[in-house]
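Remarks on the structure that follows.
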Amino acid sequence: MVIEDSGGKYAVEIEIELGEYTLVRDTNPFSEDSNVLWFDTYEEAKVEAANWRTGKVVASVKGKLWGEESHD
Numbered sequence: 535m536v537i538e539d540s541g542g543k544y545a546v547e548i549e550i551e552l553g554e555y556t557l558v559r560d561t562n563p564f565s566e567d568s569n570v571l572w573f574d575t576y577e578e579a580k581v582e583a584a585n586w587r588t589g590k591v592v593a594s595v596k597g598k599l600w601g602e603e604s605h606d
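Sequential numbering from 535 applies to the sequence shown in the working numbering.
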C-alpha cells in the first residue's frame, strides 16, 4: 500500500475482508483512490477507530505505518 507522507500523524486501519486491510478515507463511501483520513492526535484517531468493528490506530512515521500488530 502506498500512502502519502502524513508528517507523523495517525490513521485508522480496518479489515475489509478476511486478511485484507485498508485505511479509513476522508470520503464516504471511499475507495483506495480516496485520500487517507489523518488525525493529529492518537486520541482523535481512537474515537474514529471505535466506529469500526476492526478499527485499529496506526501511526505514520516518515511515510511508514506502525500499528499494534503486523499483517504480513
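Glycine included, each C-beta is placed from N, C-alpha and C at the ideal position.
Extent of the continuous alpha helix (DSSP H) to which A583 belongs: Per DSSP, the continuous alpha helix (DSSP H) segment holding A583 begins and ends at Y576 to A583.
Residues of its chain near T556, where Cβ-Cβ distance is below 6 Å and the 5 sequence neighbours each way are ignored: I550
Within 8 Å, strictly: CB atoms of I548 and T575: In this structure, T575 does not lie closer than 8 Å to I548 by Cβ.
Where K543 sits in the DSSP three-state scheme: The answer is coil: DSSP assigns K543 none of H, G, I, E or B.
Boundaries of the beta strand (DSSP E) in which L557 is found, first to last residue: Here the beta strand (DSSP E) through L557 covers E554 to L557.
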